[in-house]
Amino acid sequence: MLGLLSASWTRVGTTVVASFLASLVECVEALTVVLAVGSVRGWRSALSGAAAALAVLAAVAAMLGPQLRRIPLHVIQLGVGTMVLLFGLRWLRKAILRAAGRIALHDEEAAYVKNTAAMRQSARTSPGALDQVAVAAAFNITMLEGTEVVFLVIALGAGGTGLLLPASIGAVLALAMVAGLGAALHRPLARVPENTLKFLVGVLLAGFGTFWVGEGAGFVWPGGDVAIFGLVTAYLAIALLLVATARSSPMGTGD
Amino acid sequence: MRWLKAVIREIWGLFVEDGSFAGAIVIWLGVVLFGIRRFAWNTRWGGIALFAGLALLLVENVLRHARKSRR
Chain A
5 MLGLLSASWT RVGTTVVASF LASLVECVEA LTVVLAVGSV RGWRSALSGA
55 AAALAVLAAV AAMLGPQLRR IPLHVIQLGV GTMVLLFGLR WLRKAILRAA
105 GRIALHDEEA AYVKNTAAMR QSARTSPGAL DQVAVAAAFN ITMLEGTEVV
155 FLVIALGAGG TGLLLPASIG AVLALAMVAG LGAALHRPLA RVPENTLKFL
205 VGVLLAGFGT FWVGEGAGFV WPGGDVAIFG LVTAYLAIAL LLVATARSSP
255 MGTGD
Chain B
9 MRWLKAVIRE IWGLFVEDGS FAGAIVIWLG VVLFGIRRFA WNTRWGGIAL
59 FAGLALLLVE NVLRHARKSR R
């Protein structure tokens, strides 16, 4: 709590928002598969698999998070900043190309239909027992998407003293919101503007990563922490310009 | 060992999708961190150089892929 008080509100606020938005995207993708598994093979097995994966991920996060405090901050900022940059710019690049219509958008409804069909094809286990196929499918997707959430929480939390709690709060809020909506609607959240979220998260992570790598290297940012806003705004402007340019540029042969 | 390979592939995939883009980012970070700092670049300009290079890499990569892709 003392650490949280020492962190500036610029960092705390942007960390919560970045963690929430990034986790929201991953949770929506996991929910689609868990819903497909649950609707075809039974909710008990699907939820057991997802819950087991969440327990493993929580244990990993609880083990790794505190260990970071033992490493000097500038080393973490350089290492984690580099990873955040690679992750964020990868998302941003793909989101720009999707927004420009150069690659297909991710379709949650199509993913749901595909996973539902796959679940119907697998053999069933005896009634009453946990369905191993369903448990494994729900466990795998929750682990896969959850690993990205854990990485993001640890990465965002490692950017400064006292940021692990705000990063965790953002992720837990996203998980609670997606789980709540999934339980209420029992259908994939296809209306969530996934590419727009990835676009925004890519911009935020690119800004964070650049700031941290610079701080870790000992560079002096104009305006201190406020430079994060400047970097995020600059990346956003460049990304929006790129969408317009990529959309209007002549098409290639695709070969 | 198959599961370990799958885990490594997933973690690798978190950061690298286009190898040339990821490689260029890492090389640029190396240039800024070790090259510019070694030659006593003013630390006030280091951050701006870092950002400018990353932004250029993003622009080049997106435009190159946009030209190559079909709708």
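So the sequences go chain by chain: A and B.
Each residue of the first sequence is one higher than the one before, counting from 5 in this note's numbering.
Each residue of the second sequence is one higher than the one before, counting from 9 in this note's numbering.
Note that beta-carbon positions come from the ideal geometry of N, C-alpha and C, so glycine has one too.
Keep in mind it's a predicted model, so treat the numbers as computed, not measured.
query	result
Taking contact to mean 3 or more Cβ pairs, one atom from each stretch, closer than 8 angstroms, check whether the stretch 186-194 of chain A and the stretch 61-76 of chain A are in contact.	no
Report all residues from its chain with a CB closer than 7 angstroms to the CB of A14 (chain B); omit the five preceding and five following residues, and keep chain order.	none
Compare the C-alpha of L245 (chain A) against each of B:G31, B:L71, B:E25 and name the closest.	B:L71
Thinking just about the alpha-carbon of each residue, which of A:G69, A:V154, A:M123 is nearest to the one in I19 (chain B)?	A:V154
Which stretch, first to last residue, makes up the alpha helix (DSSP H) that contains V21 (chain A)?	13-45
Assuming T146 (chain A) and G53 (chain A) make a contact with CB atoms under 8 angstroms, what is their CB distance in whole Å?	7 angstroms
List, in chain order, every chain B residue whose beta-carbon is nearer than 9 angstroms to that of L148 (chain A).	E18
Where does P226 (chain A) fall in DSSP's three states?	coil
Quick one: is I150 (chain B) near chain A, going by C-beta distance under 9 angstroms?	Any answer about residue 150 (chain B) is impossible in this case: the structure gives chain B only from 9 up to 79.
Quick one, which of A:A243, A:A241, A:G213, A:A99 has its alpha-carbon nearest H78 (chain A)'s?	A:G213
Excluding five sequence neighbours on each side, which residues of the same chain lie with their C-beta closer than 7 angstroms to the C-beta of L240 (chain A)?	V207
Any C-beta of chain B sitting closer than 9 angstroms to the C-beta of R94 (chain A)?	yes
Less than 9 angstroms separating the beta-carbons of V176 (chain A) and A50 (chain A)?	no
Look up P76 (chain A) in the DSSP assignment and say whether it is helix, strand or coil.	coil
Below 7 angstroms on C-beta distance, what does L70 (chain B) contact in chain A?	Correcting the residue identity first, residue 70 (chain B) is Val in this sequence and not Leu. Per Cβ cutoff of 7 angstroms: R97, I100, L101, L246, A250.
Report the start-end ranges of each alpha helix (DSSP H) in the stretch 87-118 of chain A that is 4 residues or longer and not cut off at the edges.	none
Does any CB atom of chain B fall closer than 9 angstroms to the CB of L169 (chain A)?	no
Quick check on the burial criterion: 16 or more other C-beta atoms within 10 angstroms. Buried or exposed for K98 (chain A)?	buried
Give a yes or no on whether the minimum CB-CB distance between T18 (chain A) and chain B is below 9 angstroms.	no
The alpha helix (DSSP H) with V40 (chain B) in it runs from where to where?	Unbroken run through V40 (chain B): none, as it is neither H nor E.
Kindly indicate which residue of A:A22, A:A250, A:H110 has the alpha-carbon position closest to the one of L156 (chain A).	A:A22
By the three-class DSSP mapping on this structure, what secondary structure does P70 (chain A) have?	helix
What did DSSP end up calling G163 (chain A) once you bin it into helix, strand or coil?	coil
How about I232 (chain A) and L66 (chain B): do their beta carbons lie closer than 9 angstroms?	no
Using 9 angstroms as the threshold, is the C-beta distance between A221 (chain A) and G54 (chain B) below it?	yes
Among A:G234, A:E198, A:G83, A:L189, which has the Cα closest to the Cα of L39 (chain A)?	A:L189
Helix, strand or coil, according to DSSP, for H73 (chain B) in the structure here?	helix
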